[in-house]
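Residue numbering for the sequence shown is 125 to 647, as defined by this note's numbering.
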Amino acid sequence: MTAPDHIIVGSGINALVCAAMLGAKGAKVLVLERNDRIGGCMRTEEITAPGFVHDVMATTFVLFITSPAYAALGKDLARHGVEFCHTATPTGVLTPDGGHAVLTTDRAANIAALNRIASGDGDRHGGDVGDIERNAGLLFGLLGGALWSYPTTKLIAGEVWRRGARNLAAFMGEALVPARGWLETTYSSDTVRALWAPWVLHAGLGPEDAFSGQIAKVIAFALEAAGAPIVKGGARNLLAAFEALIRERGGDIRVNADVAAIVQSGGRASGVRLASGETLNATQSVICSLTPTQLYGRLLGKDAPQAATKATQSYRYGKGNFQIHYALNKPPAWRGEGLDKVALLHLTPGLDGVSRACNEAVRGLLPEVPTICVGQPHALDPSRCPQGKAILWLQLPEAPRHIKGDAAGKLDAPADGRWTETLREAYADRVEAILANHIDGLKDSVIARRAYSPADLEAININLVGGDPYGGSSTIDQSFLWRPFKASRNHETGIKGLYHIGASTHPGAGLGGGSGFLLAGKL
């Protein structure tokens, strides 16, 4: 068998984008996945009851459909069967007192609706997303571009020339404002603040973290512009399309292929050795879509550059995620108008509630009142469940990786700090009680429930360390130029022919496929 040009370790969105892009250039690519299926955080299964199709982890693809990768691959993926389902109401919020707000994909309608909640808040929303629009070239150039590159240098130089150095510095300083600072000084309504506060969690940040305000504005802009689409029939259909496209372009994919080590020869990475003992060679490069812990610790070990080994030891992972899936006998009857078609609805006491739950999880406590993100896939894609039924996709972005206690003082923490099945179900009961306060007749409509603790998620995907789906803490000191390490340079590793992509590298987490796209462009 002829050796491929590139071996890609892992099969998440970045790996698949990279493989498809390299294949378009005529390169032969081999993708290796340790699990029995490809996809990373994209997995679709009937986990509750027959006929109820759930995306177990990632479900929303707004980052993908707005990405350069989709611009390049979208038509071919559609040719292989990918179809996205949309709603005009991508997000909303519902608070314990019944306060609620819904964002649509119509800016004028959003401005009017938020002004009705609190005079001036809608106008300020228009100003915020308008600022993102006006600065899109700079913002998205930095958020999605190769930072150590001539195009980025040219971009910044052009901005200095256009704005002046002092004004550019002021813009950068304003971008560092935490979400709390932005929300409290911009919006007068607690409900409007509650609409945006939870979204920073989906970027791996908390409301008090630097840059979280800017990220929330970017998310607001993206949701308003592109919605919160899901894949018709489940994320598995996107994976099937990627596999077909990669094979069509001469590539190959192997599952149940656990890479145990990077092989080096002649001063460069020359291939990989599988846990089975089989050695596979590549003529040009080995590309790893992994965490630093996996790449520099497990696969390179003593052969890793000393600086990378040291940096890996201090690399920080973020909060865990907790997922719950429901099969319901009927669509949820929300205690708030206009919420039945919302793609992603947050249940939260508000900004302070998000801060509190986030802080509790960081300190190893089970949050007393967690922030709950509720997806309603059936509202966008009726094929996900039998007619007249419904499914709910719940994500709790504030879960402790190592449990020290319960903020409510009701659940006992295991002596070893590890999640257990008993604790998982008890915590899911807490979440269900909150959910039942917002949905009339919930308990009578539940057909089945399936919960996943952070430990369960890590068992599915080794890159989710402690259930962290973002590949490591996304605070400013571990982002941009400093992701994953302070001395990182794009996707280089310090070893010739070995490259690092995935959520642990710039542009970071999410389903945009950015790092895979950038590296494919370079290679």
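All C-beta atoms, glycine included, are put in the ideal place defined by N, C-alpha and C.
Can you give me the C-alpha to C-alpha distance between residue i and residue j, rounded to a whole angstrom?
i    : j    : result
L566 : P524 : 27 Å
T415 : I132 : 14 Å
A173 : G626 : 33 Å
S394 : D592 : 31 Å
V186 : G198 : 13 Å
L140 : Y420 : 22 Å
L489 : T228 : 35 Å
L329 : F335 : 9 Å
G164 : L463 : 31 Å
H326 : P521 : 7 Å
G374 : K610 : 37 Å
H130 : G512 : 48 Å
S598 : L588 : 14 Å
K534 : I386 : 47 Å
R203 : G477 : 45 Å
M166 : S413 : 14 Å
A260 : G351 : 18 Å
V180 : A225 : 27 Å
F176 : L279 : 47 Å
Y194 : P214 : 20 Å
I339 : P578 : 24 Å
G256 : Q437 : Looking at the sequence shown, residue 256 is not Gly but Ile. Going by the C-alpha atoms only, they are around 36 Å apart.
G417 : L559 : Per the sequence shown, the amino acid found at residue 417 is Thr instead of Gly. When rounded, the distance between both Cα atoms is 36 Å.
R487 : G442 : 11 Å
P473 : Q430 : 47 Å
N234 : A143 : 39 Å
D580 : R574 : 11 Å
A514 : K454 : 6 Å
I584 : G596 : 17 Å
I411 : T310 : 44 Å
G645 : G134 : 19 Å
P491 : E332 : 17 Å
Suppose the cutoff is 7 Å on Cβ atoms and the five residues either side in sequence are ignored; what does the same chain contact list for residue i look like?
i    : result
T629 : R607, P608, H615 and S639
L292 : E283 and V284
A182 : C165, M166, A359 and L635
L504 : C209, H210, T211, I354 and A467
A550 : L535
Smallest Cα separation from residue i: which of the options?
i    : options                   : result
P506 : A193, T211 and K199       : T211
S389 : S597, G337, Q408 and G358 : Q408
A451 : G269, Q511, G375 and A572 : A572
A346 : F264, A289, D464 and L369 : F264
L201 : G512, I339, A193 and A365 : A365
A232 : G297, L218, D221 and V253 : V253
W320 : L642, L547, L468 and G645 : L468
G126 : M145, L154, I137 and Q430 : It should be pointed out that residue 126 corresponds to Thr in this sequence rather than to Gly. Selected option, being the one with the closest Cα: L154.
A539 : A532, I527 and C509       : I527
W543 : G444, G250 and G134       : G444
S400 : A381, A406 and G632       : A381
A406 : R258, Y623 and A557       : Y623
Residue i and residue j look like a contact to me (Cβ under 8 Å); what is the Cβ gap, rounded to whole Å?
i    : j    : result
G86  : V466 : Residue 86 falls outside the range modelled here, since the chain spans only 125 to 647, and no answer is possible.
A237 : G246 : 7 Å
I496 : L471 : 4 Å
V324 : A299 : Between A299 and V324 the Cβ distance is about 14 Å, and since that is not below 8 Å, they are no contact.
V383 : R158 : 7 Å
P456 : L516 : 7 Å
V658 : P494 : The displayed coordinates of the chain run from 125 to 647. Any statement about residue 658 would go beyond what the structure contains.
V379 : I162 : 6 Å
G460 : L642 : Contact doesn't hold; Cβ gap of about 41 Å is too wide.
N561 : P220 : 7 Å
S191 : I241 : Wrong, their Cβ atoms sit about 32 Å apart, outside the cutoff.
K356 : E545 : So it is not a contact: roughly 33 Å between Cβ atoms.
K152 : P128 : 4 Å
Which residues in the same chain as residue i place their Cβ atom closer than 8 Å to its Cβ, once the five residues preceding and following it in sequence are excluded?
i    : result
F604 : L266, L271 and H630
W285 : none
R371 : I377
E170 : F176, V177 and H178
Cutting at 6 Å between CB atoms, please list the residues of its own chain near residue i, excluding the five before and the five after it.
i    : result
E402 : none
I619 : A393
G621 : R392, A393 and S409
W306 : G337
L424 : I386
I137 : L635 and G637
N239 : G246
A532 : E492
G590 : Y441, G444, R525 and P578
| Segments assigned alpha helix (DSSP H), at least 4 residues, entirely inside the stretch 219-283 | 231-241, 245-258 and 260-268
| Mind pulling the alpha helix (DSSP H) runs of 4 or more residues that sit fully within the stretch 318-367? | 336-350
| request: Please specify which runs of the alpha helix (DSSP H), each continuous and at least 4 residues long, are wholly inside the stretch 511-591, giving them in chain order. | output: 545-560, 566-569 and 578-584
| Within the stretch 587-641, ranges of the beta strand (DSSP E) (whole runs, at least 3 residues) | 622-625
| field | alpha helix (DSSP H) runs wholly inside the stretch 278-313, at least 4 long, in chain order | value | 289-299 and 303-310
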